[in-house]
Each structure stands twice: as structure tokens, then as C-alpha cells.
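Letter 50 of the sequence shown, counting from 1, is numbered 50 in UniProt numbering, and no numbers are missing. Backbone N, C-alpha and C fix where the C-beta goes; we use that ideal spot for every residue, glycine too. Since the model is a prediction, treat every value here as computed from it, not as a measurement. Remarks on the structure that follows.
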Amino acid sequence: EPEQVHARHILVETEEEANNLLLQLKEGLTDFAELAKEKSIGPSAPSGGDLGFFARGQMVKEFEDAAFSLEPGKISGVVQTQFGYHIIKCEEKKEEYSPTFEEAKERISNILKYQRENEAITAFTSKLREEAVIVFNYDFDAEIESLKSSEEESQTPESTEQVTSEEETTSEETTETDEINDTSKND
């Protein structure tokens, strides 16, 4: 990991205002975060000027150089950038960290172990899916009978009467046709 600094800042428009605020801070008349909330025009003002941790290359050069030169708890002089005039406070520093060979070896070993475990699990579940036999024990005949009986029960007496009257009409038509046929045979 690269070197990082956790900083706060107060941004104002004029050098004169920045010098006045710096004087108040050096005399201990006010808290840095409170002063940033009250006086800073930067977007971090509501959070007391807190910028969190940042590495080199993330801020404008003048600001970055001043922030990385400070020790934790120390306040910079007035720093001019394209945005205005800043007062910077270093909250904390993280030095550049390079893992030892043993640390890197252990980390890489754990990553490879995790990858092998995932590959084995994936292969195992794929094999199970290929070999799986899925059997449905569903009694379709019983379901069909159940539907038939439900259908029969749902028929109302009206529908039964309608079927009966249709049968009677068909029967009467057949009788009339038979009589006509008999009459024509007699002619």
C-alpha cells in the first residue's frame, strides 16, 4: 500500500482571511473542525473539513506536498492552490507498506487454496447435476378422476333440465320425420 495521509482543511477565498484563521488556531482559540464548519467554503466543510485518507496523486500538488510534509496533529501555514487558500491539519499518517516475502507467500497461498476449493465445488455440483435422475411421483390418474368428479358436481339442475329438454326435442323431431316418411310411402 502506498503512503497515505488523513487530513482536514479549511478553504477560504483570500490570503488575509486564511492568515486570520491560522492565527486563531495557533493561539488555541478554536477547534480546527469547528472552524472548518463555520468558515470553510469547501465541500468538506459540513464534516469539519475532513478529507479522509488519500495517497499521492489524488490532490493538487501544492496541497499534497503540504499535507504529506506534516506530522500528525500539526497544522500547515497558508497554502495557495487554484481553489483558494488552505490551512491543512494532518490527523494521521500511514507509511508505505510492502509485505515481507513470507506475508506475500501466505496471502498468495490462501488465494490459491480458495480458488482450488471453488473449482472443486463447481466441478462436484456440475457432476451431481449431470448424474441426477429426477422422478416425479405424481398420480395423474387420481388428478383426472378428481377433476371429473368436480365437473360433475358443478353441473346445476338447470343444466340437467336443459340436456333433458334437448333430448326430448330431438326425440320429437325424429318422430315427426318418421311420420312424414311413412306418409310418403303410402302415396
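Three-state secondary structure (DSSP) of residue i
| i | result |
| --- | --- |
| T125 | helix |
| Q80 | strand |
| R107 | helix |
| A33 | helix |
| D50 | strand |
| R8 | strand |
| Y114 | helix |
| I88 | strand |
| I75 | strand |
| A132 | coil |
Proximity below 8 angstroms, CB of residue i to CB of residue j
| i | j | result |
| --- | --- | --- |
| E91 | A36 | no |
| E62 | V78 | no |
| E27 | Y85 | no |
| Q24 | K94 | no |
| I87 | A33 | no |
| T81 | V60 | yes |
Burial state of residue i, where buried means 16 or more other Cβ atoms lie within 10 Å
| i | result |
| --- | --- |
| Y138 | exposed |
| S184 | The predicted model places S184 with a pLDDT of 49, which falls under 50 and marks its position as unreliable, so this point remains unresolved. |
| G49 | buried |
| L147 | exposed |
Candidates the options, of which the one nearest residue i by Cα
| i | options | result |
| --- | --- | --- |
| E1 | S98, E119, D65, F140 | S98 |
| E96 | T122, F68, S76 | F68 |
- Is the number of C-beta pairs between the segment 106-118 and the segment 47-67 that are closer than 8 angstroms three or more? The segment 106-118 makes no contact with the segment 47-67, as fewer than three CB pairs between them are under 8 angstroms.
- Message: Contact between the segment 40-53 and the segment 2-17 is defined here as three or more beta-carbon pairs at a separation below 8 angstroms; is this criterion met?
- Response: Contact between the segment 40-53 and the segment 2-17 is present, with at least three C-beta pairs closer than 8 angstroms.
- Could you tell me whether the segment 90-110 touches the segment 120-129, where touching means 3 or more Cβ pairs closer than 8 angstroms? No, the segment 90-110 does not touch the segment 120-129.
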